[in-house]
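> Sharing a structure below in structure tokens format, with a few things to ask.
Number of protein chains: 2
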Amino acid sequence: MDEAASAAPRTGQGANSRPRLEDVAARVGLSTASVSLVLRGVPGPSERTRQRVLQAAAELGYKADRNASLLASRRSRLLGVMVDIHSPFHAELVEHLHTAAEEVGYDLVLSTLTRTRDEQTAVETLLAFRSEALILLGPVAPADTLMALHHKVPVVAVGRRITGAELDVVRTADEDGVGQIVDHLAGLGHRSIAYVDGGKGVIATDRRRGYRTAMRRHALDEHIRILHGDNTEAAGERAARHLLDGAELPTAVVAFNDQCAIGVLTALTRAGVTVPGEVSVAGYDDDALSRLSCFNLTTVSQSAEEQARHAVAAGVERLDAGRTEPQEVVLPPRLVVRASTAAPS
Amino acid sequence: MDEAASAAPRTGQGANSRPRLEDVAARVGLSTASVSLVLRGVPGPSERTRQRVLQAAAELGYKADRNASLLASRRSRLLGVMVDIHSPFHAELVEHLHTAAEEVGYDLVLSTLTRTRDEQTAVETLLAFRSEALILLGPVAPADTLMALHHKVPVVAVGRRITGAELDVVRTADEDGVGQIVDHLAGLGHRSIAYVDGGKGVIATDRRRGYRTAMRRHALDEHIRILHGDNTEAAGERAARHLLDGAELPTAVVAFNDQCAIGVLTALTRAGVTVPGEVSVAGYDDDALSRLSCFNLTTVSQSAEEQARHAVAAGVERLDAGRTEPQEVVLPPRLVVRASTAAPS
DNA sequence: CCACGCTTTTAAACCGTTTTAAGAAGCTGG
DNA sequence: CCAGCTTCTTAAAACGGTTTAAAAGCGTGG
Numbered sequence: 007m008d009e010a011a012s013a014a015p016r017t018g019q020g021a022n023s024r025p026r027l028e029d030v031a032a033r034v035g036l037s038t039a040s041v042s043l044v045l046r047g048v049p050g051p052s053e054r055t056r057q058r059v060l061q062a063a064a065e066l067g068y069k070a071d072r073n074a075s076l077l078a079s080r081r082s083r084l085l086g087v088m089v090d091i092h093s094p095f096h097a098e099l100v101e102h103l104h105t106a107a108e109e110v111g112y113d114l115v116l117s118t119l120t121r122t123r124d125e126q127t128a129v130e131t132l133l134a135f136r137s138e139a140l141i142l143l144g145p146v147a148p149a150d151t152l153m154a155l156h157h158k159v160p161v162v163a164v165g166r167r168i169t170g171a172e173l174d175v176v177r178t179a180d181e182d183g184v185g186q187i188v189d190h191l192a193g194l195g196h197r198s199i200a201y202v203d204g205g206k207g208v209i210a211t212d213r214r215r216g217y218r219t220a221m222r223r224h225a226l227d228e229h230i231r232i233l234h235g236d237n238t239e240a241a242g243e244r245a246a247r248h249l250l251d252g253a254e255l256p257t258a259v260v261a262f263n264d265q266c267a268i269g270v271l272t273a274l275t276r277a278g279v280t281v282p283g284e285v286s287v288a289g290y291d292d293d294a295l296s297r298l299s300c301f302n303l304t305t306v307s308q309s310a311e312e313q314a315r316h317a318v319a320a321g322v323e324r325l326d327a328g329r330t331e332p333q334e335v336v337l338p339p340r341l342v343v344r345a346s347t348a349a350p351s
Numbered sequence: 007m008d009e010a011a012s013a014a015p016r017t018g019q020g021a022n023s024r025p026r027l028e029d030v031a032a033r034v035g036l037s038t039a040s041v042s043l044v045l046r047g048v049p050g051p052s053e054r055t056r057q058r059v060l061q062a063a064a065e066l067g068y069k070a071d072r073n074a075s076l077l078a079s080r081r082s083r084l085l086g087v088m089v090d091i092h093s094p095f096h097a098e099l100v101e102h103l104h105t106a107a108e109e110v111g112y113d114l115v116l117s118t119l120t121r122t123r124d125e126q127t128a129v130e131t132l133l134a135f136r137s138e139a140l141i142l143l144g145p146v147a148p149a150d151t152l153m154a155l156h157h158k159v160p161v162v163a164v165g166r167r168i169t170g171a172e173l174d175v176v177r178t179a180d181e182d183g184v185g186q187i188v189d190h191l192a193g194l195g196h197r198s199i200a201y202v203d204g205g206k207g208v209i210a211t212d213r214r215r216g217y218r219t220a221m222r223r224h225a226l227d228e229h230i231r232i233l234h235g236d237n238t239e240a241a242g243e244r245a246a247r248h249l250l251d252g253a254e255l256p257t258a259v260v261a262f263n264d265q266c267a268i269g270v271l272t273a274l275t276r277a278g279v280t281v282p283g284e285v286s287v288a289g290y291d292d293d294a295l296s297r298l299s300c301f302n303l304t305t306v307s308q309s310a311e312e313q314a315r316h317a318v319a320a321g322v323e324r325l326d327a328g329r330t331e332p333q334e335v336v337l338p339p340r341l342v343v344r345a346s347t348a349a350p351s
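Chains as they are written, first to last, in the numbering used here: chain A, 7 to 351; chain B, 7 to 351.
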């Protein structure tokens, strides 16, 4: 094609190794600097140069080495995401985080929690990759731990309230969400509405409070009944068995989240209690499980897509727009009525 | 503590930036080379030096920058993992991959498939991070695409058969697994056993064949009935509805995987067909869903932990032991009998 | 013909490590 | 006191890019 192509000096590149910037520079007879400029879309190089470089790069199948790039520039354009890979809700968030990040030219590193891998480890991994900002999905670490972390790199906490902190928070109004469920149930005529708790986290606290507040609002103070629970099916089942053992069954049960609700629902059904015939059951998260037609759980949607979008935006604003004041985005939860709730008999 | 500590010259490090090798070197009054040696546990430095360096590093909270390290060394000690974040089975694999990798001193980069993010993109991300080997969970790409990839970097395919390829494969004997289910059902006295297919992938082909073979083995050729399906609950429901519309119901249904089986189970139950009373249902994968006590699905365990362990071992052998011949690890599937199957009435 | 500004290109420093080859220090025996 | 070993330590060159300050090219008007 071009006389320059064969005339260009070649560095002795091992046949199998991936092409380097130098290789494409040599190919078009330019400096690596020029090539770098073209490839990053920086204005400067002439149109002719641009074209030749792009073609050469394409021919060689050149891809910049992320690590070299990020080492050289101060930027990595990398957002670190801590996720619980077992959570269906997190799965959805990640999906939307990916698209949101891509749109603004960032990439994601995922680090997951497992039984043997705690938040600390996960975050360290993310930092080792030089994430410019951290998006933590449902972190349980105490506020000051998060603050210390935020001191090093912008942190966006998703799904959890953090009072008076300097870091960004994206969440839905959990208190209100549970309130809507209670409203819904009370509206159907329920009075004896029990709640299965979600353990010790902040999220659990908020939802519990939402339940209490809503019950009082409906003047159902004396029906307030909170059962010990957690965010697992097993916990839901335990709570339900506890209810079944008791004197009288409530007419409705609100659970901390969908997984827990499904546990409740299962245990009740197995004991011959019809849902929603005898007892209504509601969850929280609107996760993939709750949508299964066998459960058809009434629940609260947390709009994963919007949260993801806001989380990415928050991080990027810190990085690119230099925002420094903390931001809290509280999205309205949305009641999703399905078939697991009905008027009491 | 040590007079050297305060005497050491300091580079003008921005107060907030993380400490560099140079900082700890300055602190103990040594060269970065020595510090690097100590920190990597390379023999050479004297005991006294070792101690001082380790202490200084600890005091500064020094952590090596992964990217700089991997750029400088030829190694990254990074395994790239492609995962479908929506799959509960993959979630379990990842969990075990993490621990297995950690044991041999490797780290994991995760890249996930989403509706808008295909295998190609996911793999490119992993390569951009300089993964030394790729572990692909249930890849659907054609064999030659995988081979081309393997030409660049060792590839371990998990969960899927790849005939005559040079890359490593870790999987369970799917044909045998489905065979075990059919054996189990036939042993219970079932004769009319239908199968809900899993679409077009290799995995689906193998399981379908396993069904066919087993049915023939039990001389049930004429009862072979394969319904169109997929790896989703929705597909399972569709298939079940199709069955319900037909003339007569089979006494047992084997589904491609657990999610599909749950769809079948749901649709049947909703139509008033009792499981396992009138129809037995079985799945495949033994994923978290199948274990939910509301489903209690009879299924086949793929021993996630073992597969993960073998996958990591395969990759590491290529990298560290220089193995070049392909390896195929086929683990025996294990029938897990739960409550969704019983003798026909 | 020169000084001037504008666009395009490049040499060279740098990012934070690893690695290698050579240097320094300390012994030993002659 | 020196050659010859060890044993430690280090200077300097990678690694593959980005970035910056300066050079080169090129009209243009004085």
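All C-beta atoms, glycine included, are put in the ideal place defined by N, C-alpha and C.
Report the residue from B:H102, B:H248, B:P145 and B:I199 whose alpha carbon sits nearest the alpha carbon of P256 of chain B.
Residue B:I199 holds the alpha-carbon nearest to the alpha-carbon of P256 of chain B among B:H102, B:H248, B:P145 and B:I199.
> How is the beta strand (DSSP E) around T178 of chain A delimited, first residue to last?
D174 to T178
> Using the three-state DSSP reduction, which class does G204 of chain B fall into: helix, strand or coil?
In the structure shown, G204 of chain B falls within a coil segment according to DSSP collapsed to helix, strand and coil.
> Exposed or buried, E239 of chain A, counting other C-beta atoms within 10 Å across all chains shown (16 or more means buried)?
buried
> Counting contacts by CB-CB distance shorter than 8 Å, is V342 of chain B in contact with chain A?
no
> Does DSSP put V322 of chain A in a helix, a strand or coil?
helix
> Beta carbon of V87 of chain A, beta carbon of L116 of chain A: below 8 Å?
At the C-beta level, V87 of chain A and L116 of chain A come within 8 Å of one another.
> Could you pull out every residue in the same chain whose Cβ sits closer than 6 Å to the Cβ of D293 of chain A, ignoring the five residues on either side in sequence?
P94, F95 and D264
> How big is the Cα-Cα spacing for T330 of chain B and R324 of chain B?
6 Å
> In three-state terms, what does DSSP make of T352 of chain B?
A query on residue 352 of chain B cannot be resolved here, the shown segment of chain B reaching from 7 to 351 and no further.
> In the structure shown, what three-state DSSP assignment does G187 of chain A receive?
The question names Gly, yet the displayed sequence has Ile at residue 187 of chain A. Of the three classes helix, strand and coil, the one that applies to I187 of chain A here is helix, per DSSP.
> So, under 8 Å CB-CB, L84 of chain A and E138 of chain A are touching, yes? Tell me the CB distance rounded to an integer number of Å.
6 Å
> Three-state secondary structure (DSSP) at D71 of chain A?
coil
> Take S307 of chain B and list the residues in its own chain whose beta-carbon comes closer than 6 Å to its own, dropping the five residues that flank it on each side.
D292, R340 and V342
> Check R247 of chain B in the structure and name its three-state DSSP category.
DSSP places R247 of chain B in helix when its eight states are reduced to three.
> Which same chain residues, not among the five before or five after D90 of chain A, have their C-beta less than 6 Å away from its C-beta?
H96 and L119
> Report yes or no: do the segment 58-71 of chain A and the segment 22-34 of chain A share at least 3 C-beta pairs separated by less than 8 Å?
Because the criterion of three Cβ pairs below 8 Å is met, the segment 58-71 of chain A and the segment 22-34 of chain A touch.
> Going along the chain, which residues of its own chain have a beta-carbon closer than 7 Å to the beta-carbon of H196 of chain A, five neighbours each way excluded?
T257, A258, S286 and P350
> Taking a Cβ distance cut-off of 7 Å, strictly less, list which residues of the segment 293-324 of chain A are near chain B, in chain order.
L298, S299 and C300
> Measuring straight from C-alpha to C-alpha, what distance separates H190 of chain A and V208 of chain A?
24 Å
> Does DSSP put R80 of chain A in a helix, a strand or coil?
coil
> Could you check the C-alpha separation between G165 of chain B and G216 of chain B for me, to the nearest Å?
G165 of chain B and G216 of chain B: Cα-Cα distance of roughly 15 Å.
> Please compile the residues from chain B whose C-beta is within a distance smaller than 8 Å of the C-beta of K69 of chain A.
Those are E130, L133 and A134, listed as they occur along chain B.
> Closest by CA to S346 of chain B, which one among B:T275, B:A225, B:H224 and B:V322?
B:T275
> Across the segment 228-235 of chain A and the segment 168-180 of chain A, are there enough close Cβ pairs to call them in contact, namely three or more that are closer than 8 Å?
With the rule of 3 Cβ pairs closer than 8 Å, the segment 228-235 of chain A does not count as touching the segment 168-180 of chain A.
> Taking Cβ to Cβ, would you say A241 of chain B is nearer than 8 Å to C266 of chain B?
yes
> One question on the structure: do H224 of chain A and V188 of chain A come within less than 8 Å of each other, judged by their Cβ atoms?
yes
> Assign V159 of chain B to one of two classes, buried (16 or more other C-beta atoms within 10 Å of its C-beta) or exposed (fewer than that).
buried
> Distance, Cα to Cα, S299 of chain A vs V44 of chain A?
Computed Cα separation, rounded: 52 Å.
> Between which two residues does the alpha helix (DSSP H) holding S40 of chain A run?
T38 to L45
> Would you mind reading off the limits of the beta strand (DSSP E) that contains T118 of chain B?
For T118 of chain B, the enclosing beta strand (DSSP E) starts and ends at D113 to L119.
> Assuming A310 of chain A and L143 of chain A form a contact by the criterion Cβ under 8 Å, report the distance between their Cβ atoms to the nearest whole angstrom.
Between L143 of chain A and A310 of chain A the Cβ distance is about 10 Å, and since that is not below 8 Å, they are no contact.
> Pull up the DSSP beta-bridge partners for G86 of chain A, would you.
DSSP, once it has assigned bridges, lists A:V115 and A:L140 as partnering G86 of chain A.
> Beta carbon of I141 of chain A, beta carbon of V110 of chain A: below 8 Å?
no
> In terms of residues, what are the limits of the beta strand (DSSP E) holding S2 of chain A?
One cannot answer for residue 2 of chain A here, as it falls past the ends of chain A, which runs 7 to 351.
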